[in-house]
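Down below is the structure, laid out as structure tokens.
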Amino acid sequence: MRLSSFPADVIRWLFCPQNVAGSANAQAVCSGSLLADPFGLIHRFGFIQLCSELLLFFLMVNSVRGQDSIPLRAVLNESGDQVSVVREGQTEPLLVQNAMADFRPYVHPIQAPDGNGVLTEFSPQHHRHQTGLFWGFTRVNGRDFFHHPEGDYWRRISVAVLKPIAADSEDSVQWQTVYDLLDADGRPMMRETQIWTLRDIDGRYEIDLQWNGEAGVDVTIGQYDYGGLFLRMPWKPGREGHAVNGARQVDQRAEGQRSVWLDVGMRVDGRDDAAHIAIFDHPENPGFPQPWRVDGQLGVGPVRARLGDWRIGKGEATTIRHRIVVFTGELDDVALTDAWSEYTGQRMAWAQWRLAQEEGRRAEFLTPQKAVEGMTLQQGFQANVFASEPMMTQPMAFCWDDRGRLWIAENRDYESRGDGFSNDGRSRILILEDTDHDGVADKRSVFLEGIAFPAALAVGMGGLWVGAPPNLLFVPDRNGDDRADEEDIEVRLTGWGIRDRHETLNSFHWGPDGWLYGCQGYATPSRVGKPAGKGRLYRHNDDFPQKIEFADEPTDINGGVWRYHPT
């Protein structure tokens with residue numbers, strides 16, 4: 327910046343603080359202002375030089391302003407026991423991290439993003455031990471750190487601001503607390519480190535928590551219904567509020583349930599709409615997705631210990647991560663799920679898969695009649711059991727004929743996703759019929775037995791079309807006696823794969839164009855074409871073919887919809 331050619335009175339005006347701040351009263355405040363005589367400036371310095379110097383000056387001023395206009399600051403107080411996160415130009419902190427020497431660390435208050443309303447509560451009458459947003463296990467080697475925030479349980483090691491300034495909404499502030507968890511004799515059992523990172527983004531703010539526990543002795547965190555990260559919002563009788571989890575379970579229906587996120591929305595003092603705090607679980611956490619505590623006053627938190635005891639060996643460490651999102655207004659659960667996906671890099675369906683497996687194993691096995699009784703139906707509709715075991719077993723494919731009969735492929739050769747082709751030998755095709763039209767099948771006919779791995783069916787053209795990898799078969803019934811003409815079975819196409827038994831050729835449907843349509847899963851690569859000669863049928867104990875001879879060049883089908891003209 328070249329200001330050497332500017333005399334002292336010009337420099338004094340340029341760097342007058344009020345002028346840098348854009349004050350309308352700059353001339354009155356700063357003596358010697360020369361803006362009142364711009365032609366004098368031009369006369370003294372020349373127009374080109376003056377414009378060049380002023381342009382450089384204002385670029386510098388804007389740069390200085392950009393550095394000074396800092397959205398967030400994290401400040402440790404003089405006594406070293408509080409970290410306040412404050413927006414530039416405001417006095418009320420967004421939140422305060424309390425870190426006293428002889429008390430459990432906790433975050434309180436947490437303000438709404440617009441500053442209207444406090445979203446946490448310290449030591450309410452109904453739960454005196456709860457302190458805003460905090461971490462406390464209920465059983466650590468039998469010692470209760472959830473209900474005891476006082477000093478003979480906790481000893482501060484340090485508190486520090488790691489990143490004091492956030493320059494914009496993409497930036498963050500960060501702080502850390504380190505505490506020892508003490509045994510009954512005052513000796514450390516575990517050292518707990520909490521690292522908090524806060525970003526202020528578009529009307530909400532996000533707080534990432536990384537909790538690390540390093541065991542000084544062998545530690546067992548005992549099974550309990552609550553303990554860990556916990557949130558206490560300012561609930562009181564009659565106050566409107568709800569807890570909602572990622573499965574849309576509300577309030578006490580969410581108690582003890584596993585979910586990737588949980589939100590508490592509440593009408594707090596100073597607001598006409600709801601204020602929310604949502605907590606995200608992370609896929610790398612032990613027990614993910616964790617069960618959640620939802621108490622009767624909307625105190626909430628994820629609880630790994632609800633799944634049973636878990637242990638941290640002496641000298642070992644465990645890290646647990648969560649994101650806390652603070653916002654106001656209506657809950658948009660789809661947007662919150664998207665925000666969780668952005669945080670974790672995963673989609674909800676994948677995250678819930680293990681949970682769905684476990685829930686399925688624990689679920690009550692319903693009889694067919696109980697399953698019908700448990701259905702929710704639209705008014706005017708009825709449901710009843712048409713057919714069930716032992717009339718049919720292990721059905722893999724269904725289709726209806728023009729007489730209202732149900733054809734079923736009993737695939738007893740299926741063993742698992744990666745195994746099974748012809749080992750059982752009892753696979754068959756059934757026809758179930760309701761002869762008295764009461765909605766219940768009362769007649770069963772066996773159409774065909776012994777074809778390995780039947781996976782798809784369609785009735786038409788004087789017979790049955792069967793997908794039984796590697797073949798597409800046409801099984802005629804020319805005299806209509808409901809028995810296959812086995813000597814005349816035709817292999818129309820061959821070459822379908824079986825690598826993934828869940829994605830073999832499937833879902834046969836007749837199109838309005840007279841073609842037979844079907845599906846093929848992407849995880850079962852296939853090369854499909856007309857067989858050389860008549861092809862081959864596969865029955866009990868036959869091996870799946872490693873090589874197939876084709877009449878002409880086959881077509882690669884690696885997932886998608888295919889069609890075949892039957893004539």
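Be aware that the sequence shown starts at 327, since it is given in my numbering, and climbs by one per residue.
Positions of the beta carbon are idealized from the N, C-alpha and C atoms, including for glycine.
Query: Unbroken stretches of the beta strand (DSSP E), 3 residues or longer, contained in the segment 786-826; Result: 789-794, 797-802 and 816-820
Query: Residue environment, A350, which counts as buried when at least 16 other CB atoms sit within 10 Å; Result: With a pLDDT of only 35 at A350, under 50, the local geometry of the prediction cannot be trusted, and no value is derived from it.
Query: Where F460 falls, given that 16 or more other Cβ within 10 Å makes a residue buried; Result: buried
Query: Pair within 9 Å by beta-carbon distance, I824 and V792; Result: no
Query: Counted within 10 angstroms of its Cβ, other Cβ atoms place I483 as buried (16 or more) or exposed; Result: exposed
Query: Below-9 Å beta-carbon distance, A709 vs any chain B residue; Result: Here there is only one protein chain, and chain B is not present.
Query: DSSP state of R752 mapped onto helix, strand, coil; Result: coil
Query: F876 vs T830 beta-carbon contact at 9 Å; Result: no
Query: Buried or exposed (CB count within 10 angstroms, at least 16 for buried), S753; Result: buried
Query: First through last residue of the alpha helix (DSSP H) which encompasses S667; Result: D659 to T670
Query: Backbone CA spacing between P857 and H891 [nearest angstrom]; Result: 16 Å
Query: Short Cβ contact (9 Å threshold) for F800 with A778; Result: no
Query: Simplified DSSP state of W676, which is helix, strand or coil; Result: helix
Query: Terminal residues of the beta strand (DSSP E) in which Q846 lies; Result: L842 to Q846
Query: Backbone CA spacing between G468 and D544 [nearest angstrom]; Result: 12 Å
Query: W841 burial status per 10 Å Cβ neighbour count (16 or more: buried); Result: exposed
Query: From R619, G582, V570 and V576, residue whose alpha carbon lies closest to that of A604; Result: V570
Query: Residue ranges of each beta strand (DSSP E) within the segment 480-532, 3 or longer; Result: 480-489, 499-508 and 514-527
Query: Three-state secondary structure (DSSP) of A778; Result: coil
Query: Coil, strand or helix - G746 by DSSP; Result: coil
Query: Inter-residue spacing [alpha-carbon to alpha-carbon] between Y669 and R649; Result: 8 Å
Query: Alpha-carbon to alpha-carbon, N832 and T761; Result: 29 Å
Query: Simplified DSSP state of P694, which is helix, strand or coil; Result: helix
Query: T719 versus R738: straight-line alpha-carbon distance, rounded; Result: 8 Å
Query: Top-ranked residue by Cα proximity to P397, from D494, E775 and G572; Result: D494
Query: Classification of T881 by the beta-carbon crowding that lies within 10 angstroms, buried from 16 upward; Result: exposed
Query: Euclidean distance between Cα positions of Q913 and A400; Result: Only positions 327 to 893 of the chain appear in this structure, which leaves residue 913 out of reach.
Query: Alpha-carbon spacing of N388 relative to R413, whole angstroms; Result: With a pLDDT of 43 at N388, under the threshold of 50, the modelled position of this residue cannot be trusted, and the question is left open.
Query: Residues that DSSP places opposite E736 in a beta bridge; Result: P721 and R754
Query: A723 and K640 closer than 9 Å at C-beta; Result: no
Query: 8 Å Cβ shell around E496 - same chain, five flanking residues per side excluded; Result: R525
Query: Residues near V944 by beta carbon distance below 8 Å, same chain, minus five either side; Result: This structure leaves residue 944 out entirely; the chain is present only between 327 and 893.
Query: Residue closest to H452, alpha-carbon to alpha-carbon, out of R593, Q623 and V651; Result: Q623
Query: Within 9 Å, strictly: CB atoms of L588 and V629; Result: no
Query: C-alpha distance - S742 paired with G751, whole-angstrom precision; Result: 16 Å
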